[in-house]
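Protein chains: 2
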Amino acid sequence: MQIQHTPITVAIIEDDSMIRESYSYLIANSDGFEVVGAYKSYEEAAKNFLNIRPDVILLDVELPGINGIEALPKIKKLLPTVQILILTVYENNETVFDALSQGASGYLTKNTSSNKIIEAIKEVLEGGAPMSAGVARLVINSFQRNQNSPLSKRETEVLENVSLGKSRRRIADELFIDMETVKTHIKNIYQKLDVHSKADAIKTAKENKFI
Amino acid sequence: MQIQHTPITVAIIEDDSMIRESYSYLIANSDGFEVVGAYKSYEEAAKNFLNIRPDVILLDVELPGINGIEALPKIKKLLPTVQILILTVYENNETVFDALSQGASGYLTKNTSSNKIIEAIKEVLEGGAPMSAGVARLVINSFQRNQNSPLSKRETEVLENVSLGKSRRRIADELFIDMETVKTHIKNIYQKLDVHSKADAIKTAKENKFI
DNA sequence: TAGTATACCGCAAATTGATGTAATATTGTA
DNA sequence: TACAATATTACATCAATTTGCGGTATACTA
């Protein structure tokens, strides 16, 4: 790490004035940090972003006007290199994954302690991805496979290829087996999952994390 | 949080004796922790697991015999409730995602400081998912969508449905549009991505994180 | 011995990909 | 605010391919 010559500049978008001011105070009084803007909506922030160019933005999800998730891509377009940390009470699957897919680099819940917020800002600038414990678990769970899949290894492999849109002929070629064998595998997969089409097989398998 | 009446039991699987003993020492000397086993391979550990039943296992990836990733599902089968933390030098995409999909609850790199390891063990038992900064960024990056997709919102939606194996008719029904419109969207998607089949469209779109 | 992986046959129905045209809606920018 | 570029919607035709269902059967493996 190099010594920080210029302060880390932070902007805050949060509609609750109490919370907004409390974050401002916290960050402004931390060594090496500077608050360059605190806004109660995206619309208000957007007017000033191009002048202030913060390093990091703390972004709430619930906002008047367009919400934090929808604001994410717009902010990224204005300031492509800015690191955005979501700071919210929402900890449900959908909000978390929407935020991450729209370009958030971290996700903290509002019970996060002051010093952890400061740590998170540093971490995100060092290439990390700070997350609250519950969010991290959500994210990791999304990768976990069901260990009790009824599908055999080969069947799983075939179904994964089906879910990539490949035809039976193509799957056969890529796995170096006969197309008839692929047909048999698919037949058996359908039976095991109790479905009668590609789409339903993929749906069931994804819902149960078989693929 | 409740007061911890019984110590947290930890097992270690790590082939390097220096590292293994250093972790043992660290954990054994932390308040509220007990090391109930330290092994240099999965095979050795498996013989004792059913007797010792640890709460948490620290697992290395590079091991003699079967490696840590392959050991994961076997451990989970023996001890379904154990929390497994990967502790390794590997920080590449494949190893991380394999570990997570096979059931690891956390992933730390070996430069993790002593007190962070202790923190991580506590965190994983509280339902968190401790990750090193670089790993967290890898994981989060895997969710990020490309903000410069050539596909329109509707086209993206259609292609996502195609990648779920749905037929054009079904997509049309679910999006409340005519099947002919779906055909047009697909035609335009193929043109934009310069492909000529479902499979190639999905491949290109996934590689570029358009879907 | 049950399950897995492989392969073959036949058939009707459905899907796909290519190539056109074109009206209306929305959006970004000048 | 008006204009141009996209986006979204819809229709028509066609041959080739794919899909799902019904069987059967052999060799390997845990």
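Chains as they are written, first to last, in this note's numbering: chain A, 1 to 211; chain B, 1 to 211. A virtual CB, placed ideally from N, CA and C, is assigned to each residue, including glycine. Just so we're clear, the structure is a prediction, and the values are computed from it rather than from any experiment.
- Interface annotation for the region 47-64 of chain B against chain A: empty, criterion Cβ-Cβ distance under 7 Å.
- The region 52-71 of chain B makes contact with the region 86-95 of chain B, as at least three CB pairs between them are under 8 Å.
- I75 of chain A and E34 of chain A do not touch by the CB rule: their CB atoms are close to 19 Å apart, not below 8 Å.
- For Q147 of chain B, the nearest beta carbon of chain A is closer than 8 Å to its own beta carbon.
- Rounded to whole angstroms, A120 of chain B and D31 of chain A show a C-alpha spacing of 27 Å.
- Think of a sphere of 8 Å around the beta carbon of F97 of chain B: the chain A residues whose beta carbon falls inside it are F143, in chain order.
- For R137 of chain A, the neighbours in chain B by C-beta distance under 7 Å run, in chain order, G127, G128, A129.
- With contacts defined by Cβ atoms closer than 8 Å, Y23 of chain A and L58 of chain A form a contacting pair.
- With contacts defined as CB atoms closer than 8 Å, P73 of chain A and Q147 of chain B qualify as a contacting pair.
- L79 of chain A: not part of any beta strand (DSSP E); DSSP gives it neither H nor E.
- Assignment of beta-bridge partners to A38 of chain A by DSSP yields A:I12.
- Close CB contacts of N93 of chain A within its chain, under the 7 Å cut and outside five residues either way in sequence, are with L138 (chain order).
- Contact between the region 151-171 of chain A and the region 124-141 of chain A is absent: fewer than three C-beta pairs spanning the two stretches fall below 8 Å.
- Taking the Cβ atoms as the reference, G165 of chain A lies roughly 4 Å from A199 of chain B, within the contact range of under 8 Å.
- Taking a Cβ-Cβ threshold of 8 Å, the residues of chain B close to S163 of chain A are S163, L164, G165, in chain order.
- Membership of T109 of chain A in the beta strand (DSSP E) is indicated by the continuous run 106-109.
- Between K203 of chain A and the set B:E207, B:V162, B:E123, the nearest pair of CA atoms involves B:V162.
- Contact note: G68 of chain B does not reach chain A at a C-beta cutoff of 9 Å; the least C-beta distance is about 16 Å.
- In the DSSP annotation of this structure, V89 of chain B is not part of any alpha helix (DSSP H), being labelled neither H nor E.
- A direct Cα-to-Cα measurement between Y190 of chain A and F210 of chain B gives close to 30 Å.
- Under the 8 Å criterion on CB atoms, K198 of chain B is classed as interfacial with respect to chain A.
- By the CB criterion at 8 Å, F97 of chain B and F49 of chain A fall outside the cutoff.
- As a beta-bridge residue in DSSP terms, I57 of chain A pairs with A:A11, A:I84.
- Neighbours of S101 of chain B in chain A, taken as residues at a C-beta separation under 7 Å, are given in chain order as F143, Q144, R145.
- For Q102 of chain A, the closest alpha carbon among the candidates B:L151, B:I140, B:P150, B:S41 is that of B:I140.
- Close to chain A, meaning a Cβ-Cβ distance shorter than 8 Å, are the following residues of the region 166-179 of chain B: K166, S167, R170.
- Put simply, of A:A136, A:N208, A:E126, A:A11 the residue whose alpha carbon is nearest the alpha carbon of N51 of chain A is A:A11.
- Listed in chain order, the non-local C-beta contacts of D178 of chain A below 7 Å within the same chain comprise A172, local neighbours out to five positions each way being set aside.
- Among the bridge pairs identified by DSSP, M179 of chain B is matched with none.
- Relative to P64 of chain B, the option among B:S152, B:D15, B:K47, B:L175 whose CA is nearest is B:D15.
- Distance check between D194 of chain B and each of B:F176, B:V182, B:P150, B:R168 places B:P150 closest, using alpha-carbon atoms only.
- Sequence-distant partners of S114 of chain B (beyond 5 residues in either direction) whose C-beta falls short of 6 Å from its own C-beta, in its chain, are L26.
- Taking K40 of chain A as the centre and dropping the five residues before and after it, the same chain places the C-beta of D15 closer than 6 Å to its C-beta, in chain order.
- Chain A places a beta carbon closer than 8 Å to that of S105 of chain B, counting this residue as a contact.
- Residue pairing for M18 of chain B: DSSP places it in no beta bridge.
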